[in-house]
Amino acid sequence: TDELVKQADGDLYRQLLAQLNTRADENGSTSDMDRLIDMRRQLTEFQLHYKFGMDEVLTKINVLREEFEHTREYSPIEHVNYRLKPLERILEKVQRYGSDPTLEGIRSAIRDIAGVRVTTSFVSDAYWVAEMLSSQPDIQVVEVKDYIHSPKPNGYRSLHLILQVPVFLSNRTEFVFVEAQIRTVAMDFWASLEHKIYYTYQGEVPEDIHHDLRDAADQANALDQQMAEIRDRVTGLSKQDTS
Ligand code: GTP
Ligand code: MG
-2 TDELVKQADG DLYRQLLAQL NTRADENGST SDMDRLIDMR RQLTEFQLHY
48 KFGMDEVLTK INVLREEFEH TREYSPIEHV NYRLKPLERI LEKVQRYGSD
98 PTLEGIRSAI RDIAGVRVTT SFVSDAYWVA EMLSSQPDIQ VVEVKDYIHS
148 PKPNGYRSLH LILQVPVFLS NRTEFVFVEA QIRTVAMDFW ASLEHKIYYT
198 YQGEVPEDIH HDLRDAADQA NALDQQMAEI RDRVTGLSKQ DTS
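First residue of the sequence shown: -2, per our numbering; consecutive thereafter.
Below, the structure written as structure tokens:
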């Protein structure tokens, strides 16, 4: 929480004062300092709700993971990462989308404030994890983007779910969006490298690099397929052994 508050400090507040509607009244009786304090409180509360929603999804993923490790000695989940989008980046996106620069507007338009990334062993595991999360009664799947089935033109592959989860507060229930990106180790390896390269060139990736990245994406895809074939052969073998 301290980190969130720190992130939100400084010049950003002055910027926000101009951009965001605050609940503080505008009749002159409220000083700038009071409005700043009120805004700080509202923003921290806003971000906390996303942290709570993200924590819920993380708990769900950890339950699956531990259950699998306990009962089957095998978990489809390799690792889990998560992040909250910093306020600066939220505001950039608000400007890019031209959406309403109020907390209410941000709440409905920006759906990746809370993000969870699950890395799986096999492609089938990615769909399996997605299915296990989607079928939970308190999770609402708002959108599915299947870039595994339909990769992006640059070769990006990943399964994206926009989830909506209830956050039970002291006096009300709030529903927040959590973006889940589910992909194999090979897809993740490619994506993290591509991301760095994209930033190095500030989005203007030269044609030869672009081409080679596409090629690398094909190889990552081939690796995923090869691994699945090996797994099938091995599990076929172990079935024969026990029968
Ligand atoms: P954003 O405005 O970036 O959130 O994209 P979007 O709303 O069109 O959603 P999309 O599902 O396409 O992408 C969401 C997130 O997936 C991004 O913020 C990245 O984290 C990741 N992502 C999407 N495309 C790429 C890509 O080409 N390369 C990499 N490395 N990551 C990507
Ligand atoms: Mg995003």
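Ideal placement from N, C-alpha and C gives every residue a C-beta, glycine not left out. Please read these numbers as outputs of a predicted model, since none were measured by experiment.
- Exclusion of Asp143 from the 7 Å shell around ligand 2 follows from its C-beta lying no nearer than that to any non-hydrogen atom of the ligand.
- Cβ contact annotation for Asp221 (same chain, cutoff 6 Å, sequence separation greater than five): Val120, Thr181, Ala183, in chain order.
- Ranked by how close their Cα comes to the Cα of Pro73, the residues Glu63, Ser147, Glu42 have Glu63 in first place.
- For Asp205, the shortest separation between its Cβ and any heavy atom of ligand 2 does not lie below 7 Å.
- Judged by pairs of C-beta atoms under 8 Å, the region 41 to 61 touches the region 124 to 131, as three or more such pairs exist.
- Short note on Asp109: C-beta closer than 7 Å to some heavy atom of ligand 2.
- DSSP lists Leu81, Val175 as the beta-bridge partner residues of Ala111.
- Bounds of the alpha helix (DSSP H) holding Phe43 are 29 to 68.
- Across the set Met36, His76, Gln44, the C-alpha of His76 shows the shortest separation from the C-alpha of Arg114.
- Between ligand 1 and Glu85, a heavy atom-to-CB distance of less than 7 Å is absent.
- A distance below 7 Å between beta-carbons, with the five flanking residues on each side excluded, links Ile159 to the following residues of its chain, in chain order: Arg108, Val139, Glu140, Phe174, Glu176.
- Taking the Cβ of Asn78 as the reference point, every heavy atom of ligand 1 lies at 7 Å or farther away.
- Between the C-alpha atoms of Ile136 and Ser28 there is a straight-line separation of about 42 Å.
- Distance from the CA atom of Ser189 to the CA atom of Tyr195, rounded to whole angstroms, is 10 Å.
- Taking the Cβ of Lys149 as the reference point, at least one heavy atom of ligand 1 falls within a distance shorter than 7 Å.
- In terms of side-chain proximity, the C-beta atom of Gln92 is found no nearer than 7 Å to any non-hydrogen atom of ligand 1.
- Spanning the alpha carbons of Arg37 and Ile87 requires a straight line of approximately 16 Å.
- Buried is the label assigned to Phe43, since at least 16 other Cβ atoms lie within 10 Å of its Cβ.
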